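*Asks:* Submitted below is the structure of interest, expressed as structure tokens.
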Amino acid sequence: LIAGATGTGKSVCLNTIVASMLLTNSNEQVRLLMVDPKGVELTPYDGIPHLISPVISDPADFDPALEGLIQVMQQRYQRFRDVSARDIRSYNDGPYKPMPSLVVVVDELAELMLSEGRDAESKLVRLAQLGRAAGIHLVLSTQRPTVDVVTGLLKANIPTRICFTVASQVDSRVILDMNGGEDLMGRGDMLLLTKESTLPRRIQGAFVEEKEIASIVDHWANPSLHTKRNLPSGLGLALDE
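Structure follows, in structure tokens:
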């Protein structure tokens, strides 16, 4: 869960996380579902073979995409039961075709929570509660850390949180359950809270330039540099994809 005011480094952090995944994982290892309601931050990644579907910019398409991931999660758990595997790690260590990790990346959570409401919240919470063992992970970002966007139920199921500079102590407490975010300096200055710690760590985010993102995308979009897989036509994802 990533939050911060405009211009504090939140979107840069999101791109850094995505770029790191693309630099260290092929599309056989990680698949991405990207949601960008503003249509500007994540659309440069359109065309990479890691995408489950093209970058989603219409909030109306978000709900069926989440529903498809929930179905995949249920299918994976059934497969684990069939072979007596505890989770995706033990399954992939077995003599089976490895399953890729699936990562949902949302650039502005507020747009979805305010347009889709409780339905979006319930699906996100379900994935946060049960998805990790099935290899499904969430990266959610917002510049509006208010209680109607970052709900208590959602926050309770996402223990890892990053807070960039926010406008007030209230906003900081919504993200971190404590003050501190209002005193940060901007430009990637952040507080990181993990489930292993009771107090956040102050760290500095990396800066990834647009030309570096373009270089990564060009690499994966160039068939001569790697084996490109066909993108599935729908938002669902079969077990062997």
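Start counting the sequence shown at 30; every next residue gets the next number (my numbering). Even for Gly, the Cβ is constructed at its ideal location relative to N, Cα and C. Quick caveat, the model's predicted, so the values are computed rather than measured.
Determine whether the beta carbon atoms of Phe-236 and Val-69 lie at a separation below 8 Å.
*Replies:* To locate residue 236, count along the sequence shown from 1; it is residue 207. To locate residue 69, count along the sequence shown from 1; it is residue 40. The answer is no: Cβ separation not under 8 Å.
*Asks:* Between the region 193 to 207 and the region 140 to 147, can you find at least three pairs of beta-carbon atoms closer than 8 Å?
*Replies:* As far as the Cβ criterion goes, the region 140 to 147 does not touch the region 193 to 207, which means the pair count is below three.
*Asks:* Looking only at its own chain, which residues have a Cβ that is under 7 Å from the Cβ of Arg-173, when we skip the five neighbours before and after it?
*Replies:* The count along the sequence shown starts at 1 and reaches residue 173 at position 144. Excluding positions up to five away in sequence, the list reads Ala-139.
*Asks:* Under three-state DSSP, which class holds Asp-177?
*Replies:* Within the sequence shown, the letter at position 148 stands for residue 177. Three-state result, Asp-177: coil.
*Asks:* Do you know offhand how far Ala-114's Cα is from Leu-167's?
*Replies:* Translated into the one-based positions of the sequence shown, residue 114 becomes position 85. Translated into the one-based positions of the sequence shown, residue 167 becomes position 138. For Ala-114 and Leu-167, the distance between alpha carbons rounds to 23 Å.
*Asks:* According to DSSP, simplified to helix, strand and coil, what is Asp-87?
*Replies:* Locating residue 87 in the sequence shown gives position 58, where the first residue counts as 1. In this structure, Asp-87 counts as coil in the three-state DSSP scheme.
*Asks:* Measure the Cβ-Cβ separation of Val-178 and Thr-189 and say whether it is below 8 Å.
*Replies:* Looking up residue 178 in the sequence shown gives position 149. Looking up residue 189 in the sequence shown gives position 160. Result no, Cβ atoms of Val-178 and Thr-189 do not sit closer than 8 Å.
*Asks:* Please report the straight-line C-alpha distance between Leu-30 and Leu-52, rounded to a whole angstrom.
*Replies:* Position 1 of the sequence shown, counting from 1, holds the residue named residue 30. Position 23 of the sequence shown, counting from 1, holds the residue named residue 52. Approximately 22 Å, taken between the alpha carbons.
*Asks:* Just to check my reading of the structure: Met-219 and Gly-234 have Cβ atoms closer than 8 Å, yes? What is that Cβ distance to the nearest angstrom?
*Replies:* For this step, residue 219 is matched to residue 190 along the sequence shown. For this step, residue 234 is matched to residue 205 along the sequence shown. Going by Cβ atoms, the distance from Met-219 to Gly-234 rounds to 6 Å, so yes, they are a contact pair.
*Asks:* Determine whether the beta carbon atoms of Arg-231 and Gly-38 lie at a separation below 8 Å.
*Replies:* Position 202 of the sequence shown, counted from the start, is the residue given in the question as residue 231. Position 9 of the sequence shown, counted from the start, is the residue given in the question as residue 38. Contact flag unset, no.
*Asks:* Per DSSP, Arg-60 is paired with what?
*Replies:* If you number the sequence shown from 1, residue 60 lands on position 31. Answer by DSSP bridge pairing, in chain order: Leu-131.
*Asks:* With a threshold of 7 Å on Cβ separation, who are the neighbours of Asp-148 within its own chain once the five nearest residues in sequence on each side are excluded?
*Replies:* If you number the sequence shown from 1, residue 148 lands on position 119. Excluding residues within five positions, the ones whose Cβ falls inside 7 Å are Asp-92.
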